[in-house]
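One structure is given below, encoded as structure tokens.
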Amino acid sequence: MENAPLRERLVQVGVELLEEEGLEALTLRAITRRTGVSHGAPRRYFATHNALLAAIAATGLADLAARLGPAASDTAVPADRRLIQLGVRYLAFSAERPAMFELIFRHDLLAGAGGNLRQTSLPLFDTVTALIQEALPTATDARERALALWTNLHGLATLRTTHALDVLDLPGDDPTGWITRIVQAHLA
Numbered sequence: 001m002e003n004a005p006l007r008e009r010l011v012q013v014g015v016e017l018l019e020e021e022g023l024e025a026l027t028l029r030a031i032t033r034r035t036g037v038s039h040g041a042p043r044r045y046f047a048t049h050n051a052l053l054a055a056i057a058a059t060g061l062a063d064l065a066a067r068l069g070p071a072a073s074d075t076a077v078p079a080d081r082r083l084i085q086l087g088v089r090y091l092a093f094s095a096e097r098p099a100m101f102e103l104i105f106r107h108d109l110l111a112g113a114g115g116n117l118r119q120t121s122l123p124l125f126d127t128v129t130a131l132i133q134e135a136l137p138t139a140t141d142a143r144e145r146a147l148a149l150w151t152n153l154h155g156l157a158t159l160r161t162t163h164a165l166d167v168l169d170l171p172g173d174d175p176t177g178w179i180t181r182i183v184q185a186h187l188a
């Protein structure tokens with residue numbers, strides 16, 4: 001990474017710092033210190049700290065999309081099963097990369113930072129909508145169902161990553177059953 005262009009190094013160091021220490025540690029000072037450049041160096045590539053955060057988040061969204069893509073696109077599998085697999089992968093991403101999961105959905109930080117993050121995340125929502133429409137061809141409310149389903153999945157992912165479910169003493173740690181029930185409820 002030493003020989004990589006500075007913009008790429010700043011983003012990669014930001015990703016590493018985020019994964020190791022969390023969103024709170026992702027300051028411009030910490031990123032530049034670890035990269036070994038002056039505090040002003042990132043300004044050549046990023047107008048603001050939030051623009052750098054958006055570039056870091058874009059790498060996470062790309063990873064999330066790559067993980068979800070195969071689950072959604074396997075047309076040999078019924079749409080309801082693909083939605084369940086998509087949910088399983090969504091929760092796996094949140095568990096494996098909790099700080100990145102938090103960052104990519106912090107639109108309060110990332111709004112107006114550039115990088116077209118909404119253009120990157122909107123296809124994920126469109127995929128959920130299309131799968132619901134495929135599962136329920138006569139449904140006229142696929143987008144509303146997709147929003148409700150995503151909200152439930154995101155809530156479950158957030159509750160798991162913040163350990164809020166720990167107090168419930170639920171059996172096992174495999175969320176597939178929960179996700180199956182969530183998907184079935186939104187397809188009913």
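Numbering-wise, UniProt numbering puts 179 at position 179 of the sequence shown, and it's gapless, one number per residue.
Backbone N, C-alpha and C define an ideal beta-carbon position, used for all residues, glycine too.
These numbers were taken from a predicted model, which means no experiment stands behind them.
Measuring CA to CA, which of T140, A146, Q119, S121 is closest to T129?
A146
From the DSSP output, in three-state form, read off H163 for me.
It is coil, neither helix nor strand.
Run the CB neighbour count on R44, radius 10 Å, all protein chains shown included, and call it buried at 16 or more, exposed below.
exposed
Quick check on the DSSP output: what are the complete alpha helix (DSSP H) runs of length 4 or more inside the region 95-148, in order along the chain?
98-104, 107-110, 117-135
Using three-state DSSP, classify L6 as helix, strand or coil.
helix
Tell me which same chain residues have a C-beta within less than 7 Å of the C-beta of T35, skipping the five on either side of it?
R9, L10, V13
Just curious, the alpha helix (DSSP H) that P70 is in, first and last residue?
Where P70 is concerned, the enclosing alpha helix (DSSP H) stretches over 49-73.
Does the region 76-83 touch the region 42-59, meaning 3 or more C-beta pairs lie closer than 8 Å?
no
With V183 as the anchor, note down where its alpha helix (DSSP H) starts and where it stops.
176-187
If you drop the 5 nearest sequence neighbours on each side, which residues of the same chain put their C-beta closer than 8 Å to that of residue 189?
What is shown of the chain runs 1 to 188, which leaves residue 189 out entirely.
Alpha carbon to alpha carbon, how far is T140 from L131?
About 13 Å.
Would A41 and T32 be called neighbours here (beta carbons separated by less than 8 Å)?
yes
Starting from A30, follow the alpha helix (DSSP H) in both directions and report where the run begins and ends.
Per DSSP, A30 belongs to the alpha helix (DSSP H) from 28-35.
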